[in-house]
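Asker: Attaching a single structure in structure tokens format; questions to follow.
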Amino acid sequence: MNFEPTEEQRLLRESARSALVGLCTMPVLRKGFDDPAKLDAFAQALWASVAELGWTGLVVPEEHGGMGLGATEFAILHEELGRALFTGPYTVTAVLAAGLLQLAGCPASLRARLTDIASGAMRLALLEVQSGERESFFATCGHGGTVSLGTHRVPDAGVATHFLLLATEQVTSSHAGVGRLGMCLVDRSASGVTVESRESFDPTHTMGSVTLRDAPLDPGHFHVTELPAAQIARVLGDMRLARCSEMLGVADRALSETVAYVKERKQFGQPVGSFQAVKHKLADAYIALENSRTAARYAALARDAGAADALLALDVAEAMTSVMGIRVTGDCIQAHGGMGFTWESDMHLYFKRARWLASTGRGVGHARASIASAIVEGRVEF
Amino acid sequence: MNFEPTEEQRLLRESARSALVGLCTMPVLRKGFDDPAKLDAFAQALWASVAELGWTGLVVPEEHGGMGLGATEFAILHEELGRALFTGPYTVTAVLAAGLLQLAGCPASLRARLTDIASGAMRLALLEVQSGERESFFATCGHGGTVSLGTHRVPDAGVATHFLLLATEQVTSSHAGVGRLGMCLVDRSASGVTVESRESFDPTHTMGSVTLRDAPLDPGHFHVTELPAAQIARVLGDMRLARCSEMLGVADRALSETVAYVKERKQFGQPVGSFQAVKHKLADAYIALENSRTAARYAALARDAGAADALLALDVAEAMTSVMGIRVTGDCIQAHGGMGFTWESDMHLYFKRARWLASTGRGVGHARASIASAIVEGRVEF
Amino acid sequence: MNPSFSAAEEAFRQEARIWLIESLRSVGYDAMSWRERLDTDFCMRWERHMGASGWTGLSWPKEYGGRALPLVQQVIFQEEYARAEAPILWNSMAHGILAPTLMYYGTESQKKRFLPGILSNEERWCQGYSEPGAGSDLAALATRAERISDARGDRYVVTGQKVWTSVAQFAHWCFILVRSDPKSSRHKGISFLLLDMKSRGVTVRPLRQMTGESEFNEVFFDGVEVPVENRVGEEGQGWEIAMTAANHERGTFFVPMLVSMQSELRDLVKLARTTPSDGRPAIEDPLIQDKLAQLYMDVSVMRLNSYRTLETLMQGRPPGPEASFTKLFWSEVRQRMLELAMDILGPQAMLAWTDPQAAAGGRWQREHLWSRAITILAATSEIHRNIIAERGLGMPR
Amino acid sequence: MNPSFSAAEEAFRQEARIWLIESLRSVGYDAMSWRERLDTDFCMRWERHMGASGWTGLSWPKEYGGRALPLVQQVIFQEEYARAEAPILWNSMAHGILAPTLMYYGTESQKKRFLPGILSNEERWCQGYSEPGAGSDLAALATRAERISDARGDRYVVTGQKVWTSVAQFAHWCFILVRSDPKSSRHKGISFLLLDMKSRGVTVRPLRQMTGESEFNEVFFDGVEVPVENRVGEEGQGWEIAMTAANHERGTFFVPMLVSMQSELRDLVKLARTTPSDGRPAIEDPLIQDKLAQLYMDVSVMRLNSYRTLETLMQGRPPGPEASFTKLFWSEVRQRMLELAMDILGPQAMLAWTDPQAAAGGRWQREHLWSRAITILAATSEIHRNIIAERGLGMPR
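Note that the protein sequences, when read in sequence, are chains F, Z, W and A.
Numbering-wise (the working numbering), the first sequence opens with residue 1 and increments by one.
Numbering-wise (the working numbering), the second sequence opens with residue 1001 and increments by one.
Numbering-wise (the working numbering), the third sequence opens with residue 2001 and increments by one.
Numbering-wise (the working numbering), the fourth sequence opens with residue 3001 and increments by one.
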């Protein structure tokens, strides 16, 4: 029985919210929309501020200069990041990479970089190595040298100090099997690294096309290992969980601004919000949002408790929040009427971030199929 | 361009509607709900009346005493039958059997029974032979003798003078292949025929468990043949089309009674129908109903014109009307509030008939899958 | 998906579970069919047995014979009760609504007179709120209570009609809302009375519902006398009392329904495994699987929501629109779940639930029909969406 | 799914198709990218070319230079136009709304002055209806028109603001609703004026929408003079004129949109075939297939509906709520279709439509964003549901 945040967690939320109100404002974000370099520069400045607040080290162990906190905490923080439409590669760096470097078998030289993550010195953008390039990549991660990879589209590439190259695959096929994981870090400024700026669907994140041609790996910054598949899934799952929580924050902010708007805006002599159709649409949005909140919080609790159903809970959270976020932010546009689809309104920013978040992962279809398999194979408890 | 009924078709609709208002009334139907024998007796009397109106011979060629009309006409009539919650095996007898007996290769002795269908002397209930019993059934249909079949649940079995036993299978697997069809008629009063009364989900139809043990086939009343699969599908499709049209009538009546109710019923000092939530629910019901009407009418037109997309149009009509009928009648219950789920209200009768109709066929899933296959295989025109 | 409980809580769960298993076994519950378990006489006997065994009044203060258990343990008991698929509790209106109302608003003598009968389930109660002209709009109620004082005493004479009154045919008493001030309208002038169903002038007429059963009734009051001492609270305070009462159970009322729905989903998955569709088990259809996945998500999150609500309650924070939220979501998900059951049954759905050959004893058809009522009873979905918008989001009325 | 046409109708279809193919080929349309085809200058040039070639005014009486074709042929042309994926018609407001209005309500000299420019597309029009405070509630409009008669003539002086005015930046003229009686409210006291966009006091400010483009504008009127002879109908008759005008195109207005949606669905199926999802083409996913099947059903029935409507119109029977019905259903289905496109695109959806590398030239992302507007513009879905309930079902207002 611990759905409600502890006193410390509540404090984290409050301080995050009030800090972000000052740090990441719409007017500043908007200045970067037509100029990626400006947005990247802002993301970089923002990074320094949040590093100072200790957030970059949220899940980094204390011995590496971090706070050593868990999923419940990074989930709470991501809700706030979502509310603020935070920009920058926070999730990849402070959740995914910080988790990967703590996995069993990670060489000390690589693990030592946790300190740089915590201090804010390192900002990582993610290149997921696809099946065609995976085998040679695993080989490279085994012995170092140079790495070449075809063009990848990488969110926040322009802000990164390094790229995190990552590949995983299932070694034994059973559900509780073994997985292989290969990863390495490549310096943004290394030879052979090209980053070309692209336009992002979500204007509050930049996007880059990254190509690596014989880019050198620093000694000690590569690593390939076999681990229980569940451990790998857990670390990758942390990123998914963070996205879910961010989605909650986005939808929550969109909905509360919409409620405020429909209370004020009048048509036919009364507030738009007094029309039953608008009420019911937003009531349904509220239900969807609160259900997602429950699902995402439980997924975090289950993750921190090492519960047997933690991954199933994550699938539920992901499937619910993705659909919810897109739907709620879309309904918020609708409830705004004509204003809702102007550039000037913030509604489209929430809507675009929601789609962006839903598109980063394996997608809602994958999560639903995974729940369905669990049911068909009798792996759920009723 | 012929969506609107012709003058003759309009007359058919009007005369059917006014005849049924007198012939098939709720009070009389309701008397049969707790006593299947009474409902069967009523269905039998009703049959005599509709035979007199010529409806039993609607699609029977004139040389056999029928009217020789087509799908558009039986579709119109079925809408009216649905509105009236008509009871009895009309569709099986006057659409399916009348169609089967007109198929190429049907022996003259069997085809001659079209006269009995048209005159109203014959009422047929359907036993579809399932895969396990199919091979021996085809053999029987080839040489006559006696037939044995395990227990089948047969709607309107108590009203039938004969049972129509039917099996079909695909012989060559391509989409435009060949099919095998076996059928025979068994007299309700023949030796070896047992009918046990069952309770029906739809109280306006009776249901029987029918078992055949060495029941004799009359000479000339059996038949097995191979035909183009499309021809078989067309005749079986006629029954599906009739069900779609009946569903339209059911939903149309439920909706119009509901609209009348919500205009009268007051809560909070105003008609319930003036609340936007009720308006929008019924507006959506109206849209679903009108869309289904369009789909079903087109399916009938395409069938009568022998259009290449007639079966696809039927899948569309079936998938739409099934979902629509269940949803609209359910929403009508909701809009009635407490009254809607009483036995006294007619709403549950429409709701039950809708489910009954949706359950008689292969189901909406089959129709949707068939549309999906057509898309995937590139068999649809855009 | 289960949050964790303390060792003491788990021990209590064990105790409750064992008592339920053994008691149910002793009445032959395992061997009873789904339909036998619905039998009214049996259910009411069982209910009295619960009272006699000390498993009622878990939330009541000890001074009224209750066990004064913490909220968590009450919830645990309700979970175990639902998980054991134990009988329907016909006297739940008395426990859920009337008893807390009496404890708060009742006089000492009312408490003494009525609470023990509720605790033991020897006295069953029905709720007289809805009227033909006052459904969603309860404040439109018209049943009159005229006050008369004469040699025979100080009393109300009640005349009017109630509807959707469940258990009225088995009830000893009825708690009823009446208009005690004939000149009043809407929320004012309403009083809350305790009315003896054996009184002269009470007529109960069963109301058949679309399942074919008659669980509800119309109840007619033709000059029924109610002594003034059977009024709860002040004259004209009825609306306030009724609204407060509706909040009493907010936290735990729905727990058993949510747990039951989990069992129902489990059984639906079984149905999908065992029912053929196009020659294969229905569960092999990816579209059926996807619908089951959605239901699993909904049912899981609903259960977790109830824990969230419980925590809010335990921290003494003001409740939001949780009661409306839970009722609305539960009723709509359950309706959808039972539609899926009908889809899976396919042609088997054409048999009435009352037919002895109906699949699974007719359970799915019956519950499907019943589920059409749950979005209407206890306020329609439309009313609950209004409440959520107004109370949850603060939107204008 | 195609109903049958007469031989003469098919011949006309052939003629139209050939003209379209050849004309489009002559301007190099085949080689143009999806985005080049959106270019405003190109579209407006094409539009004038249509006027010069006699393919405008198909519905107009011959006395005004039209071709007076029967309704079916008008529809056939619109189908062929859409099937050829021919350019957007920027002057459609003039053809669809203003021209029939002038023919019915206009004076002879208004007809003579304005109809030829519309027919040739040499004069483009925008529609000045919506205001910041009058969106769904059009009757709340506040733009004032003060009537002044002096030595300089009899004229209106227009002051106020319009919004969501598409094409205003390219328009020569604006037909505008104004409040000519300052003491009036709601539907009364509104007049319908023809306003020269080159007049002093007109300011057009583009309004950027969520796609990043600026198709709409805010238009400000600061004491703009409109001669009285540019008022259509009587003073105060504006509301009636606007409502009648909205009905003019009821039957055929949506045909091109429905045909375009068919092409869009065809292309979406292609997208599903060519986009990988989990290492297989997305179209192999049974859930994607089911969604495509639903869209196919919706799109087919929508097209058939338009033929049904057409028949109703041709029989001269009074139209029902078809315009609302079609607009509502079209907009919601299209929104759903474009959401599916985004789902199919998966990670590819993370690129903006304006990026040169965006899949299919960014078409899906852009249309997806645009589709959020279509349930709002030309009355919100909520308004259309009201209209359907009130006019289609006769429910109380």
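C-beta atoms are modelled at their ideal positions from N, C-alpha and C, and glycine is treated no differently.
Taking the alpha-carbon of Q3110 (chain A) as reference, which of A:T3040, A:A3086, A:D3137, A:V3232 has the nearest alpha-carbon?
Answerer: Checked all of A:T3040, A:A3086, A:D3137, A:V3232; the closest Cα to Q3110 (chain A) is A:V3232.
Asker: From the DSSP output, read off the bridge partner residues of A3134 (chain A).
Answerer: In the DSSP output, where bridge partners are listed per residue, A3134 (chain A) has A:E3131.
Asker: Give a yes or no on whether the C-beta atoms belonging to N2217 (chain W) and L2193 (chain W) are separated by under 8 Å.
Answerer: No, the pair does not count as a contact, with Cβ atoms beyond the cut-off.
Asker: Using DSSP's beta-bridge definition, name the partner residues of K1263 (chain Z).
Answerer: Partner(s): none; K1263 (chain Z) has no beta bridge.
Asker: Considering only the beta carbon of each residue, do K1279 (chain Z) and A3389 (chain A) sit closer than 8 Å?
Answerer: Contact flag set, yes.
Asker: Please list the segments of the beta strand (DSSP E) lying wholly inside the segment 132-176 of chain F, counting only runs of 3 or more residues, in order along the chain.
Answerer: Listed in chain order, the complete beta strand (DSSP E) runs (minimum 3 residues) inside the segment 132-176 of chain F are 146-155, 162-170.
Asker: Taking the straight line between their C-alpha atoms, what separation do you get for A3068 (chain A) and P3318 (chain A)?
Answerer: Taking the straight line from one Cα to the other gives about 22 Å.
Asker: Just tell me which of F:C106, F:A372, F:R379, F:A367 has its CA closest to the CA of Q231 (chain F).
Answerer: Taking only the C-alpha atoms, the option nearest Q231 (chain F) is F:C106.
Asker: By DSSP, does W3364 (chain A) sit in helix, in strand, or in coil?
Answerer: Note: W3364 (chain A) maps to helix in three-state DSSP.
Asker: Taking C-beta to C-beta, are L1181 (chain Z) and L1227 (chain Z) nearer than 8 Å?
Answerer: Yes. Within cutoff.
Asker: For L2295 (chain W) and chain A, any beta-carbon pair shorter than 8 Å?
Answerer: Chain A, which has no Cβ nearer than 8 Å to the Cβ of L2295 (chain W), makes this no.
Asker: With distances taken Cα to Cα, identify the nearest neighbour of L2271 (chain W) among W:K2162, W:Q2348, W:P2132.
Answerer: It is W:Q2348 whose Cα lies nearest to the Cα of L2271 (chain W).
Asker: Compute the beta-carbon to beta-carbon distance between R2334 (chain W) and I2374 (chain W), rounded to the nearest angstrom, for a pair I have assumed lies under 8 Å.
Answerer: Their Cβ separation, rounded to whole angstroms, is 6 Å, which keeps R2334 (chain W) and I2374 (chain W) in contact under 8 Å.
Asker: Any beta carbon from chain Z within less than 8 Å of Q276 (chain F)'s own beta carbon?
Answerer: By this cut-off, Q276 (chain F) is an interface position.
Asker: Could you tell me the alpha carbon to alpha carbon distance between I2190 (chain W) and L1023 (chain Z), rounded to whole angstroms?
Answerer: Going by the C-alpha atoms only, they are around 50 Å apart.
Asker: Quick one: which residues of the segment 1352-1375 of chain Z get their C-beta closer than 8 Å to a C-beta of chain F? List them in chain order.
Answerer: For the segment 1352-1375 of chain Z, which is checked against every Cβ of chain F, not one residue is closer than 8 Å.
Asker: In chain F, which residues lie with their C-beta within 8 Å of the C-beta of G2392 (chain W)?
Answerer: Here the neighbours are A283, Y286.
Asker: Mapping the DSSP letters down to three states, classify T211 (chain F) as helix, strand or coil.
Answerer: Residue state, collapsed to three classes: strand.
Asker: Could you compute how far the alpha carbon of W2164 (chain W) sits from the alpha carbon of G1269 (chain Z)?
Answerer: Each residue's alpha carbon lies about 21 Å from the other.
Asker: Please list, in chain order, all residues of the same chain as T1258 (chain Z) whose beta carbon is under 6 Å from its beta carbon, the five residues on each side excluded.
Answerer: Contacts found: C1332, A1335.
Asker: When we look at the beta-carbon of P444 (chain F) and count the other beta-carbons within 10 Å, is it buried (16 or more) or exposed?
Answerer: The structure shown has nothing for residue 444 (chain F), since chain F only spans 1 to 382.
Asker: Return no unless some Cβ of chain A is closer than 8 Å to the Cβ of D2290 (chain W).
Answerer: D2290 (chain W) counts as touching chain A.
Asker: Do you know how far the Cα of C244 (chain F) is from the Cα of D206 (chain F)?
Answerer: The amino acid occupying residue 206 (chain F) in the given sequence is Thr; Asp does not appear at that position. Between T206 (chain F) and C244 (chain F), the C-alpha separation is close to 20 Å.
Asker: Applying the 10 Å Cβ sphere with the 16-neighbour rule, what's the burial state of K2327 (chain W)?
Answerer: Flag for K2327 (chain W) reads buried.
Asker: Report the CB separation of A104 (chain F) from V178 (chain F) in whole angstroms; it is logged as a contact under 8 Å.
Answerer: With a Cβ gap of about 13 Å, A104 (chain F) and V178 (chain F) do not count as contacting.
Asker: What residue range does the beta strand (DSSP E) around L2038 (chain W) cover?
Answerer: Here L2038 (chain W) belongs to no beta strand (DSSP E), and DSSP marks it neither H nor E.
Asker: With 8 Å as the threshold, decide whether the Cβ of H280 (chain F) is near any Cβ in chain Z.
Answerer: It does: the Cβ of H280 (chain F) has a partner Cβ on chain Z nearer than 8 Å.
Asker: What residue range does the beta strand (DSSP E) around S2191 (chain W) cover?
Answerer: Start and end: 2190-2196.
Asker: Excluding the 5 residues flanking L1081 (chain Z) on each side, which residues of the same chain have their C-beta closer than 6 Å to its C-beta?
Answerer: Correct list, in chain order: E1246.
Asker: Verify the CB distance criterion: does A3246 (chain A) have a CB-CB separation below 8 Å to chain Z?
Answerer: Closer than 8 Å: no.
Asker: Please list, in chain order, all residues of the same chain as L3207 (chain A) whose beta carbon is under 8 Å from its beta carbon, the five residues on each side excluded.
Answerer: Excluding residues within five positions, the ones whose Cβ falls inside 8 Å are V3163, W3164, S3214, F3216, N3217, E3218.
Asker: Quickly, what does DSSP pair Y2156 (chain W) with across the bridge? List them, please.
Answerer: Beta-bridge pairing links Y2156 (chain W) to W:R2147, W:V2226.
Asker: Measuring only between beta-carbons, confirm whether V3163 (chain A) sits less than 8 Å from chain Z.
Answerer: Judged by the 8 Å Cβ criterion, V3163 (chain A) is not in contact with chain Z.
Asker: So R2013 (chain W) packs on E2080 (chain W), CB below 8 Å; how close in whole Å?
Answerer: Right, the Cβ-Cβ distance comes to about 6 Å (below 8 Å), so this counts as a contact.
Asker: Just how far apart, CA to CA, sit R2017 (chain W) and E2085 (chain W)?
Answerer: If you take the alpha carbons of R2017 (chain W) and E2085 (chain W), they lie about 11 Å apart.
Asker: Between which two residues does the alpha helix (DSSP H) carrying V1224 (chain Z) extend?
Answerer: Note, V1224 (chain Z): premise wrong, no alpha helix (DSSP H); beta strand (DSSP E) at 1222-1228.
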